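S.K.: Here the protein sequences come in this chain order: A and B. Under this note's numbering, read the first sequence as residues 1 to 97, first letter to last. Under this note's numbering, read the second sequence as residues 1 to 143, first letter to last. Just so you know, even glycine gets a beta-carbon here, dropped at the ideal spot from N, CA and C. The structure presented is a predicted model; accordingly, all values stated were derived computationally and were not measured. The following block contains the structure, expressed as structure tokens.
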Amino acid sequence: MAGPMKMRASVAGGFTEVRVLMTHPMTTAQSGQALHFIQNITVKQNGKAVVEAEISQAVSRNPVFSFRLKGGAKGDKIEVSWLDNKGETNKIETAVA
Amino acid sequence: MTRRSLLAFLGLLLAKPLTVLAAWNEQAFGAKTAADALKNIGAAAAAPSKDIMIEAPQIAENGAVVPIEISSNIPGTTSIAVVIEKNPFPLAGKFDFKEGALPFVKLNVKMGETSDVRVVAVAGGRQYVATREIKVTIGGCGG
Numbered sequence: 001m002a003g004p005m006k007m008r009a010s011v012a013g014g015f016t017e018v019r020v021l022m023t024h025p026m027t028t029a030q031s032g033q034a035l036h037f038i039q040n041i042t043v044k045q046n047g048k049a050v051v052e053a054e055i056s057q058a059v060s061r062n063p064v065f066s067f068r069l070k071g072g073a074k075g076d077k078i079e080v081s082w083l084d085n086k087g088e089t090n091k092i093e094t095a096v097a
Numbered sequence: 001m002t003r004r005s006l007l008a009f010l011g012l013l014l015a016k017p018l019t020v021l022a023a024w025n026e027q028a029f030g031a032k033t034a035a036d037a038l039k040n041i042g043a044a045a046a047a048p049s050k051d052i053m054i055e056a057p058q059i060a061e062n063g064a065v066v067p068i069e070i071s072s073n074i075p076g077t078t079s080i081a082v083v084i085e086k087n088p089f090p091l092a093g094k095f096d097f098k099e100g101a102l103p104f105v106k107l108n109v110k111m112g113e114t115s116d117v118r119v120v121a122v123a124g125g126r127q128y129v130a131t132r133e134i135k136v137t138i139g140g141c142g143g
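This is the structure:
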């Protein structure tokens, strides 16, 4: 299920730290359940893609990621979206604090 | 062309670039050995580097959630990949950093057993690798 996401973005020390949580089962084939995991993650800063990730079922359940962006300022818009192997998707947007 | 068929056509045009954007390297992620995974991301001949930093516990009590923090001090790093040697599918993730991002990522991974974790960084079209062993007390691939 495309559960809720949480994100925090703050600027300090010359870079923007983005911490994002995704609610997702991330089930493996070894678990005996249907394989269900996030495959793609995109991080955007003010509408421009800055990180593109491909991940596997080896990422833990309810994934938490931290990313760092060069510079940045309070109020910058950060958006993180994901797409899983069943075509489900979700995204969250926040302003840098 | 009716309005409906025009909309369907426009929908197709929009859908295509989306599927291209959401590329997922099935061959690399489907590889069952670290060597195959590395070959499939073009990193079979990566040179060892001390400029790739891997922060992780020496011993992970719970293999279901092993925190790993990675950064590259190699100038011009554009990509970082994480390969867990002894996992059934070793490639855990590949992160591409565009203009504006620092080559840094922190994530939690599952590890089935004690394993070397290889981190491959790409900079200026060349591949570099650093390796770190993480011991796992209780495996975490059942999740």
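Return the CA-CA distance between V11 (chain A) and L107 (chain B), expressed in angstroms with no decimal places.
M.R.: 20 Å
S.K.: Could you spell out where the beta strand (DSSP E) holding L107 (chain B) opens and where it closes?
M.R.: 101-109
S.K.: Quick check on N61 (chain A) - is its C-beta less than 9 Å from some C-beta in chain B?
M.R.: Looking at the sequence provided, one finds Arg at residue 61 (chain A) rather than Asn. Yes, its Cβ sits closer than 9 Å to a Cβ of chain B.
S.K.: Closer than 9 Å, CB to CB, is K16 (chain B) near chain A or not?
M.R.: The pLDDT assigned to K16 (chain B) is 48, lower than 50, so where the model puts this residue is not dependable; a value taken from the coordinates is nonetheless given after this. By this cut-off, K16 (chain B) is not an interface position.
S.K.: If A101 (chain B) and V50 (chain A) are in contact, beta carbons under 8 Å, what's the gap, nearest whole angstrom?
M.R.: So it is a contact: roughly 4 Å between Cβ atoms.
S.K.: DSSP state of G30 (chain B), grouped into three classes?
M.R.: helix
S.K.: What is the DSSP secondary structure of A58 (chain A), counted as helix, strand or coil?
M.R.: Coil at A58 (chain A), not helix or strand.
S.K.: Report the three-state DSSP secondary structure of D36 (chain B) (helix, strand or coil).
M.R.: helix
S.K.: How many whole angstroms separate the CB atoms of E126 (chain B) and I54 (chain B), which I take to be in contact at a CB cut-off of 8 Å?
M.R.: Here residue 126 (chain B) is Arg; the residue named in the question, Glu, does not match the sequence. At roughly 19 Å, the Cβ-Cβ gap does not stay under 8 Å, so R126 (chain B) and I54 (chain B) are not in contact.
S.K.: Could you check how far apart the C-beta atoms of I80 (chain B) and I70 (chain B) are, in whole angstroms? I think they sit under 8 Å.
M.R.: 6 Å
S.K.: Between F97 (chain B) and A31 (chain B), is the Cβ-Cβ spacing less than 9 Å?
M.R.: 9 Å or more divides the Cβ of F97 (chain B) from the Cβ of A31 (chain B).
S.K.: Using a Cβ-Cβ distance cut-off of 9 Å, determine whether A92 (chain B) contacts chain A.
M.R.: yes
S.K.: Under 7 Å Cβ-Cβ, which residues of chain B neighbour V96 (chain A)?
M.R.: Neighbours of V96 (chain A) on chain B: none; closest Cβ ~13 Å, over 7 Å.
S.K.: Report yes or no: is there a C-beta of chain B within less than 9 Å of the C-beta of A9 (chain A)?
M.R.: No, A9 (chain A) does not count as interfacial toward chain B.
S.K.: Report the option in B:T33, B:A60, B:A43 whose CA atom is closest to the CA atom of T137 (chain B).
M.R.: Among B:T33, B:A60, B:A43, the Cα nearest to that of T137 (chain B) belongs to B:A60.
S.K.: Check the Cβ of V119 (chain B) against every Cβ in chain A and list those closer than 8 Å, keeping chain order.
M.R.: Within chain A, no residue comes near V119 (chain B); the closest Cβ sits about 14 Å away, beyond 8 Å.
S.K.: Do you know offhand how far K70 (chain A)'s Cα is from T16 (chain A)'s?
M.R.: 6 Å
S.K.: Does any residue of chain A bring its CB to less than 9 Å from the CB of V20 (chain B)?
M.R.: With a pLDDT of 48 at V20 (chain B), under the threshold of 50, the modelled position of this residue cannot be trusted; read the value that follows with caution. No, its Cβ sits nowhere closer than 9 Å to a Cβ of chain A.
S.K.: According to DSSP, which residues form a beta bridge with L69 (chain A)?
M.R.: A:T16, B:A101
S.K.: Is L35 (chain A) buried or exposed, if buried means 16 or more other CB atoms sit within 10 Å of its CB?
M.R.: exposed
S.K.: Among B:A43, B:N40, B:K94, B:A56, which one has its Cα closest to the Cα of D116 (chain B)?
M.R.: B:A56
S.K.: Show which residues of chain A have a CB atom less than 8 Å away from the CB atom of N108 (chain B).
M.R.: V59, S60, P63, V64
S.K.: Check the Cβ of L83 (chain A) against every Cβ in chain B and list those closer than 7 Å, keeping chain order.
M.R.: A22
S.K.: Is the Cβ of I78 (chain A) closer than 9 Å to any Cβ of chain B?
M.R.: no
S.K.: Helix, strand or coil, according to DSSP, for A29 (chain A) in the structure here?
M.R.: helix
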